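Below: one structure, written as structure tokens.
Chains as they are written, first to last, in the working numbering: chain A, 86 to 855; chain B, 69 to 289.
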């Protein structure tokens, strides 16, 4: 039912429907009882009217009798009658009869003979035709009744005596019963009066048409019990009264007046009912709206909430139950809204800086037109770890917040910034080309170099930026972020501020990707092996140490030197897994050899990532403790370029490692850009001159000069100087002569397995002992 | 006891009548007397019944030629007068207001229009018959004059008895009449011979209609 689809309509329709039913029943009852009341009332009026008519007729007759008596008592009338002269008597009868409106006058003798008759003048006497009247007059002095006379008309006939002073004769007077009489009685009784005698209606107060209609129905109308009849479409109640021996008075009471009163009442009731229903429609719709309106508003609010829109508050206007419901609803909505907001924040927001997180940034990029150009950049702060370590995490966090705020301030309108993790931020700028990207990168890095003030302390901050473009460098966020990250690492290594992904290349080629998997397998299958190359003290000609060098015993490619996979491991970060294994192997080997009396310092190479890993110090402590090694039994070699990735952090980590007592060596010295002052601050013990200088000692006097001055420099800084890559006796001798402390190279010994090294050093010791 | 007393009274009355008869017979030996007792068929004495003796033969002697009918207390007094033809009747008005005496009776039609006191001329009733008198301004007033052509007549008293004395012996027709008689009674022929003749007659009479008089206004009309 469409009518009942809404609460509002349901309420209104039920209310109005009930009212309509009640009103209809009321109208029906009024109509029904109206008819009954009209009938009863009309009958009552008719009965009362009939009584009235009877009285009127009686009174009329008495008046006629009285009038006749007065007339008959008139002296001159009696005198004239007494003359016995017929002509005189007839004349006086006519004269005095006209005085009281009698149309018929007769004088009767005391024995009932008609002596004079105004209707039959000059005719011989005859007996009075209405003997009953005469007898009644004789017994009671006078009498009256209604009767038809010879002229066919109906008369009210009165018989009174002539007293002189005893009764001497009778006077008969006849008054015609005509329409005028009927109208007078009708006026006196309030009913329509008709007189019916044999031959039809003799007199009537009705109009001619009604009279004609009544004439046709008189047989049904002539009842002494009231009954209803219809004349000319109008309803009447009729009753008949006896009127003399031959006639009857037919009384009609029109229902029209009573019906009109009831019709008026019904009309008024209909108007009241109509107006009531109209008011009720308005009122119940209003009420329904007041009830349903807030409910509908709540329903709409619920739909909004269902659709995920929690922003619009639910209006609470009323204090009734619905108001309470709405208030509850509003509480629920605001609760859901705040929880969802919280969830959204947790899901999409970095809690530390309040910036969007990686997920949010990914969604943002996904929401952009996939064909449109966009740039994705990754920014990593330089030297954040040492700041964090030196000043504490709370300061580091605040620094990140400040950096985040500063970066956010720099973002162009179509850019979106996010914090990925740690000190790494990323942003997406829609529609950026290479030129604008370069400009923006330069501006960003310059702005970042402005010192940040924390607790009155000015901190220098710088960052490295990697930039990838869509669609040139990838389409999805993961690919773009990876390319940008690689570019960022490159920029950081080269300390050039920013690098475009296109300049770095695609990162590891596919075979290298598979190599990561292979390297993981290699670790599990123990395919990595360590070879040891002796380090010879040139002055004493004694082996004082060995450098552990990793080899990959590849099942298909054979023995692979570190140059073939270590750079890749460093690039992909897999080095983080190789180094702990290597350090563990070395420590175990050192312990093993010490037990066997082979006292050499074993060196292991660390990559830049290893050095920056804060866990390294912990790991070293654990290894030393696990193998009960003195710290000086192990030496960690770090390339000069690795140091320069993050010189500050490198310095702090080196300081910790040195504090443990481990020996530290700077590898490939001379190839990097370490300044002397930096070098001076490093807590290292050994300096290994890059082998590119050693290989050309004999041919390049410049290189020889550099080597000689480096040796001098190392000694000046109190460091042991190591030369590696010695491939001939001449070089060895030159170096020994130049004061180089330790030599290493193929001329002394190739790298060899642990077992081979043990054999080699035993043989050498034995040879020297001989 | 009461019954016995009534008998005694009746006996006394009878004795007195007998004594009177004896006295009358002693006075006029050739004259007769007639007593008539008139009663209704039910036995009630009838007052104001006229008993008239008409001589079958001979010319009746003239008797007293003057009579009076007073109007007193708005009534005619007497109610019934019997007069011999030719008698003049005076109608003295004893009331302090006027009367209008009339008669439409064929025996004597006359009218004395509103008068007070005694009219100058009496009305002479010179035809036999019944004359009904009325007052035109007091409807209830009625009186009857029976005009006869004989000196021997009388009317019954309250006891319904009438006596006519000194009637010469001879043949007579006894006529009984009453104003309210319901039916006429036939004359009775009687022979009178110097003695008292006693006759009982029955006559049905309608009671006199008592018409209440309107109250008299004191000091007014």
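Think of the CB as a built atom: it goes at the ideal place given N, C-alpha and C, for glycine as much as any other residue.
Predicted model only: the values in this text are computed from it and were never measured.
Can you give me, in chain order, the residues of the segment 234-256 of chain A that have a beta carbon less than 8 Å from any beta carbon in chain B? 248, 249, 250, 251, 253
Taking DSSP's pairing of strands, which residues face residue 690 of chain A in a bridge? A:722
With a threshold of 7 Å between beta-carbons, can residue 328 of chain A be considered close to chain B, or not? no
Give a yes or no on whether the minimum CB-CB distance between residue 160 of chain A and chain B is below 7 Å. yes
Close beta carbons around residue 238 of chain A, own chain, < 7 Å, minus the five adjacent residues each side: 261
Is it the case that the Cβ atoms of residue 512 of chain A and residue 462 of chain A are separated by a distance below 7 Å? yes
With 16 as the cutoff for other CB atoms within 10 Å, does residue 828 of chain A come out buried or exposed? buried
Using a Cβ cut-off of 9 Å, pull out every chain B residue sitting near residue 198 of chain A, in sequence order please. Within chain B, no residue comes near residue 198 of chain A; the closest Cβ sits about 18 Å away, beyond 9 Å.
Would a C-beta distance cut-off of 7 Å place residue 192 of chain A and residue 281 of chain A closer than the cut-off? no
At a Cβ threshold of 7 Å, is residue 152 of chain A touching chain B? no
Could you name the residues of the segment 172-186 of chain B whose beta carbon sits closer than 9 Å to any beta carbon of chain A, in the order they occur along the chain? 172, 173, 174, 177, 179
In three-state terms, what does DSSP make of residue 189 of chain B? coil
Closer than 9 Å, Cβ to any Cβ of chain A: which residues of the segment 234-262 of chain B, in chain order? 247, 248
Let me check understanding here. Comparing Cα to Cα, which of A:580, A:374, A:826 lies closest to residue 468 of chain A? A:580
Chain A residues whose Cβ lies nearer than 8 Å to that of residue 207 of chain B: 158, 248, 250
Proximal residues of chain B, C-beta to C-beta of residue 167 of chain A below 8 Å: 172, 177
Among A:835, A:703, A:104, nearest to residue 363 of chain A - alpha-carbon criterion: A:104
Show which residues of chain D have a CB atom less than 9 Å away from the CB atom of residue 197 of chain B. Although the question refers to chain D, the structure presented lacks it and instead comprises the protein chains A and B.
Return yes when the Cβ of residue 122 of chain A is within less than 7 Å of the Cβ of residue 247 of chain A, no when it is not. no
So for residue 181 of chain A, helix, strand or coil by DSSP? helix
Return helix, strand or coil for residue 504 of chain A, following the three-state DSSP convention. strand
On the DSSP bridge assignment, give the partners of residue 134 of chain B in chain order. B:156
Mind checking residue 265 of chain A: buried by the 16 CB within 10 Å criterion, or exposed? exposed
Taking only beta-carbon atoms, is residue 138 of chain B less than 7 Å away from chain A? no
Run of the alpha helix (DSSP H) containing residue 166 of chain A, from where it starts to where it stops: 160-167
Please confirm whether residue 508 of chain A and residue 466 of chain A have their CB atoms less than 7 Å apart. yes
Quick one: using the 10 Å Cβ neighbour count with 16 as the cut-off for buried, is residue 152 of chain B buried or exposed? buried
Should residue 380 of chain A be listed as close to the ligand ATP, given that the test is whether its C-beta is under 6 Å from any heavy atom? Inclusion of the ligand ATP in the displayed structure is not the case, the ligand content being empty and no account of it being possible.
Can you list, in chain order, the residues of its chain with a C-beta nearer than 8 Å to that of residue 236 of chain A? Leave out the 5 residues immediately preceding and following it. 204
Chain B contact residues for residue 317 of chain A, given Cβ-Cβ distances below 9 Å: Those do not exist, as residue 317 of chain A stays about 54 Å from chain B at its closest Cβ, beyond 9 Å.
Please tell me whether residue 200 of chain B has its Cβ less than 7 Å away from any Cβ of chain A. yes
Chain A contact residues for residue 115 of chain B, given Cβ-Cβ distances below 8 Å: Result: empty, since nearest Cβ-Cβ is about 17 Å, beyond 8 Å.
How long is the line joining the alpha carbons of residue 794 of chain A and residue 750 of chain A, rounded to whole angstroms? 18 Å
Could you tell me which of A:569, A:607, A:453, A:809 sits nearest to residue 589 of chain A, measuring between CA atoms? A:569
Say whether chain A places a C-beta atom closer than 7 Å to the C-beta of residue 141 of chain B. no
Does DSSP put residue 859 of chain A in a helix, in a strand, or in coil? A query on residue 859 of chain A cannot be resolved here, the shown segment of chain A reaching from 86 to 855 and no further.
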